[in-house]
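Peer 1: Here you go, one structure.
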Amino acid sequence: MEGALKLWAVIVAVGALNYLSRLSFIAFFARRSMPPLLARALKYVPAAMLTALIVPMIVEAKGGAIDLASSKVMAAVIAGTVAFVWRNTLATLGAGMAALWLLQWLRP
Amino acid sequence: MRHIVRSRDFREGFVEMLPACIGLAPFGVVCGVGAAAAGADWLGALGLSAIVFSGAAQIVATQMLAAGAPFAVIVLTAAVLGLRLLMYSAAMAPLVKPLPVRWQRGLAFVLSDQAFAASLRRFSRDDDRLAAARHFMGCGAALWGGWQIACMAGFLAGNLIPPAWSLEFAVPLCFLALVAPLFRDMPSVLAAICAGIAVLALAHLPMKLNLVAAGMIGIAMGTCADLARERWKAR
């Protein structure tokens, strides 16, 4: 599949899946309650999935090698601390980007 | 449709959500930047935010498209990420049960944690379920509209700002802002550590399958830790 066509196929498929997930217990399983084990597992979807997405973006250097001492890793630790304490997206973005720019300027 | 939009409940919900819109704007801007980085045109970027209406799923889609992952793997990864919506759906279900099916379908489209939290109070307070539903629609409309504006602003900015600014780093930062506050809970920490290690250990898997595999491992570990903690407390 090429460019724009693939993008629209993804939009339609992911959009439909998200809508069906939102509708699931409201419309399809309205008469039953959620199985307890499923309810327990769903609580950990954000922590697990988001971390799986974040880690490669932070530790992978150009060419796919893993670099744990890069400016990106240090900036992410600072931003993560800010996010943990203040729970604020804008503060996290500001701290992380400022730290990255400063570190890249200090260690070219 | 018109009488809904003109109602006081809708307007109240709309106004109540405006501060949340401002809070979400940075994340929306980053989603727009991501769409620009993946080479989407403005119509594709708008379609993505308008139809998918979920920041994390939008970023996954654009990042994986840019990395050249196959269609099926992108959809699978977004589907696992979207499982959390089942949680909101189950929480919302008893509240909207008495409403007509038409309303249920409409409300489901704009279901998000912010709108849900704001309307929960209304639904538990009001005997008039339709009034609460109009309020929820107002919340959803504000969030949806604000989200489109933020994403389009990001799309335009992403095409203007030079790569030397490392703006793509804002993507993991946004996810960090969502995930770091969860680390007050032990099983969540364990789920994240396992997912983080697994995603690197499985990096050799083809087609970016390591993302969804690591996510499943993390979810399983978090669930086991949660069960173990409960056993421990029960002793």
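Residue numbers (our numbering), protein chains in the order written: chain A, 36 to 143; chain B, 1434 to 1668.
Glycine is no exception: its CB is placed at the ideal position from the N, C-alpha and C atoms.
Short check: CB of threonine 86 (chain A) to CB of glycine 1456 (chain B), under 8 Å?
Peer 2: As a working note, residue 86 (chain A) is residue 51 in the first sequence. As a working note, residue 1456 (chain B) is residue 23 in the second sequence. Not in contact: threonine 86 (chain A) and glycine 1456 (chain B) (Cβ atoms no closer than 8 Å).
Peer 1: Is there at least one Cβ from chain B nearer than 8 Å to arginine 142 (chain A)'s Cβ?
Peer 2: Taking the first residue of the first sequence as position 1, residue 142 (chain A) is located at position 107. Taking Cβ atoms only, chain B never reaches closer than 8 Å to arginine 142 (chain A), which makes this a no.
Peer 1: Around the C-beta of histidine 1637 (chain B), are 16 or more other C-beta atoms found within 10 angstroms, so that it is buried, or is it exposed?
Peer 2: Along the second sequence, one-based indexing puts residue 1637 (chain B) at 204. So histidine 1637 (chain B) ends up on the exposed side.
Peer 1: Using a C-beta to C-beta distance shorter than 7 Å, which residues of chain A count as neighbours of aspartate 1442 (chain B)?
Peer 2: Within the second sequence, numbered from 1, the residue matching residue 1442 (chain B) stands at position 9. Near aspartate 1442 (chain B) there are no residues of chain A at all, since even the closest Cβ is about 20 Å away, more than 7 Å.
Peer 1: Tell me where the alpha helix (DSSP H) around aspartate 1618 (chain B) begins and ends.
Peer 2: Counting from 1 along the second sequence, the entry for residue 1618 (chain B) is found at position 185. Counting along the chain, aspartate 1618 (chain B) falls outside any alpha helix (DSSP H), and DSSP gives it neither H nor E.
Peer 1: Pick out whichever of A:Leu40, A:Ala65 and A:Ala96 has its Cα sitting closest to the Cα of aspartate 1474 (chain B).
Peer 2: Within the second sequence, residue 1474 (chain B) is the residue found at index 41, counting from 1. That would be A:Leu40, whose Cα lies nearest to the Cα of aspartate 1474 (chain B).
Peer 1: Using a Cβ-Cβ cut-off of less than 9 Å, give me the residues of the stretch 1584-1610 of chain B that come near chain A, in sequence order.
Peer 2: So the close ones are Trp1598, Ser1599, Leu1600, Glu1601, Phe1602, Ala1603, Val1604, Pro1605, Leu1606, Cys1607, Phe1608, Leu1609 and Ala1610.
Peer 1: Does isoleucine 1594 (chain B) come out as helix, strand or coil in the three-state DSSP assignment?
Peer 2: Translated into positions along the second sequence, residue 1594 (chain B) becomes position 161. Isoleucine 1594 (chain B): coil per DSSP, three-state reduction.
Peer 1: Would you check if the distance between the CB atom of methionine 1450 (chain B) and the CB atom of lysine 1641 (chain B) is smaller than 8 Å?
Peer 2: For this step, residue 1450 (chain B) is matched to residue 17 along the second sequence. For this step, residue 1641 (chain B) is matched to residue 208 along the second sequence. No, the Cβ-Cβ distance between methionine 1450 (chain B) and lysine 1641 (chain B) is not below 8 Å.
Peer 1: Take every Cβ of the stretch 1530-1545 of chain B, pair it with every Cβ of the stretch 85-99 of chain A, and state whether three or more of those distances are shorter than 8 Å.
Peer 2: Contact between the stretch 1530-1545 of chain B and the stretch 85-99 of chain A is absent, because fewer than three Cβ pairs lie under 8 Å.
Peer 1: Relative to the C-alpha of phenylalanine 1549 (chain B), which candidate in B:Arg1558, B:Leu1563, B:Gly1573 and B:Trp1665 has its C-alpha closest?
Peer 2: Counted from its first residue, the second sequence places residue 1549 (chain B) at position 116. Checked all of B:Arg1558, B:Leu1563, B:Gly1573 and B:Trp1665; the closest Cα to phenylalanine 1549 (chain B) is B:Gly1573.
Peer 1: Report yes if the CB atom of alanine 1468 (chain B) is closer than 8 Å to the CB atom of threonine 1510 (chain B), and no otherwise.
Peer 2: Counted from its first residue, the second sequence places residue 1468 (chain B) at position 35. Counted from its first residue, the second sequence places residue 1510 (chain B) at position 77. Contact: no.
Peer 1: Who does isoleucine 101 (chain A) pair with in a DSSP beta bridge?
Peer 2: Looking up residue 101 (chain A) in the first sequence gives position 66. A:Glu95, per the DSSP bridge assignment.
Peer 1: Touching or not, the stretch 1435-1445 of chain B and the stretch 94-109 of chain A, by the rule of three or more beta carbon pairs under 8 Å?
Peer 2: No: fewer than three Cβ pairs fall under 8 Å.
Peer 1: Per DSSP, what kind of secondary structure is phenylalanine 1608 (chain B) in: helix, strand or coil?
Peer 2: Taking the first residue of the second sequence as 1, we reach residue 1608 (chain B) at position 175. The answer is helix: DSSP assigns phenylalanine 1608 (chain B) an H, G or I state.
Peer 1: Using a Cβ distance threshold of 8 Å, determine whether the stretch 49-60 of chain A contacts the stretch 1557-1573 of chain B, with at least three qualifying pairs required.
Peer 2: No, the stretch 49-60 of chain A is not in contact with the stretch 1557-1573 of chain B.
Peer 1: Listed from N- to C-terminal order along the chain, which residues in the stretch 1525-1559 of chain B have their beta-carbon within a distance smaller than 8 Å of any beta-carbon of chain A?
Peer 2: Against chain A - using a Cβ distance shorter than 8 Å - the residues of the stretch 1525-1559 of chain B are Met1525, Ala1526, Val1529, Lys1530, Val1534, Gln1537, Arg1538, Leu1540, Ala1541, Phe1542 and Leu1544.
Peer 1: Note the first and the last residue of the continuous alpha helix (DSSP H) segment covering glycine 1515 (chain B).
Peer 2: For the purposes of this step, residue 1515 (chain B) is identified with residue 82 of the second sequence, where counting begins at 1. Element bounds for glycine 1515 (chain B): n/a, residue is neither H nor E.
Peer 1: Report the three-state DSSP secondary structure of aspartate 1546 (chain B) (helix, strand or coil).
Peer 2: For this step, residue 1546 (chain B) is matched to residue 113 along the second sequence. Looking at aspartate 1546 (chain B) - three-state DSSP - the assignment turns out to be helix.
Peer 1: Inspect the CB distances between the stretch 1614-1632 of chain B and the stretch 1646-1659 of chain B and report whether three or more fall short of 8 Å.
Peer 2: Touching, yes, given that three or more Cβ pairs across the two stretches are closer than 8 Å.
Peer 1: What's the C-alpha gap between proline 1605 (chain B) and leucine 1553 (chain B)?
Peer 2: If you number the second sequence from 1, residue 1605 (chain B) lands on position 172. If you number the second sequence from 1, residue 1553 (chain B) lands on position 120. Rounded to the nearest angstrom, the two C-alpha atoms are 31 Å apart.
Peer 1: Looking at glycine 1587 (chain B) and alanine 1470 (chain B), is the spacing between their C-beta atoms short of 8 Å?
Peer 2: Numbered from its first residue, the second sequence carries residue 1470 (chain B) at position 37. Numbered from its first residue, the second sequence carries residue 1587 (chain B) at position 154. No, they are not a contact pair.
Peer 1: Does the distance from the C-beta atom of alanine 1603 (chain B) to that of valine 1485 (chain B) stay below 8 Å?
Peer 2: For this step, residue 1603 (chain B) is matched to residue 170 along the second sequence. For this step, residue 1485 (chain B) is matched to residue 52 along the second sequence. Cβ distance not < 8 Å, so alanine 1603 (chain B) and valine 1485 (chain B) don't count as in contact.
Peer 1: Roughly how many whole angstroms lie between the Cα atoms of alanine 1478 (chain B) and alanine 1489 (chain B)?
Peer 2: Your numbering for residue 1478 (chain B) matches position 45 in the second sequence. Your numbering for residue 1489 (chain B) matches position 56 in the second sequence. Rounded to whole angstroms, alanine 1478 (chain B) to alanine 1489 (chain B) spans 14 Å at the Cα level.
Peer 1: Please confirm whether leucine 135 (chain A) and serine 1599 (chain B) have their CB atoms less than 8 Å apart.
Peer 2: Walking along the first sequence from the start, residue 135 (chain A) turns up at place 100. Walking along the second sequence from the start, residue 1599 (chain B) turns up at place 166. Going by C-beta atoms, leucine 135 (chain A) is nearer than 8 Å to serine 1599 (chain B).
Peer 1: Thinking just about the alpha-carbon of each residue, which of A:Ala126, A:Leu141, A:Arg142 and A:Ala130 is nearest to the one in alanine 1458 (chain B)?
Peer 2: Numbered from 1 along the second sequence, position 25 holds the residue referred to as residue 1458 (chain B). Closest option to alanine 1458 (chain B), Cα to Cα, is A:Ala126.
Peer 1: How about alanine 44 (chain A): is its C-beta nearer than 8 Å to some C-beta of chain D?
Peer 2: Reference to chain D is not applicable here, since the protein chains of this structure are A and B.
Peer 1: Quick one: list the residues of chain B neighbouring lysine 107 (chain A), beta-carbon separation under 9 Å, in chain order.
Peer 2: Your numbering for residue 107 (chain A) matches position 72 in the first sequence. Result: Ser1599, Phe1602 and Pro1605.
Peer 1: Just checking: is the beta-carbon of proline 1639 (chain B) within a distance shorter than 8 Å of some beta-carbon in chain A?
Peer 2: Along the second sequence, one-based indexing puts residue 1639 (chain B) at 206. Not an interface residue.
Peer 1: Classify proline 1452 (chain B) as helix, strand or coil using the three-state DSSP reduction.
Peer 2: Start at 1 with the first residue of the second sequence, and residue 1452 (chain B) comes out as number 19. Reduced to three states, the DSSP call for proline 1452 (chain B) is helix.
Peer 1: Can you tell me the Cα-Cα spacing of isoleucine 1594 (chain B) and glycine 38 (chain A), whole angstroms?
Peer 2: The residue you call residue 1594 (chain B) lines up with position 161 of the second sequence. The residue you call residue 38 (chain A) lines up with position 3 of the first sequence. If you take the alpha carbons of isoleucine 1594 (chain B) and glycine 38 (chain A), they lie about 23 Å apart.
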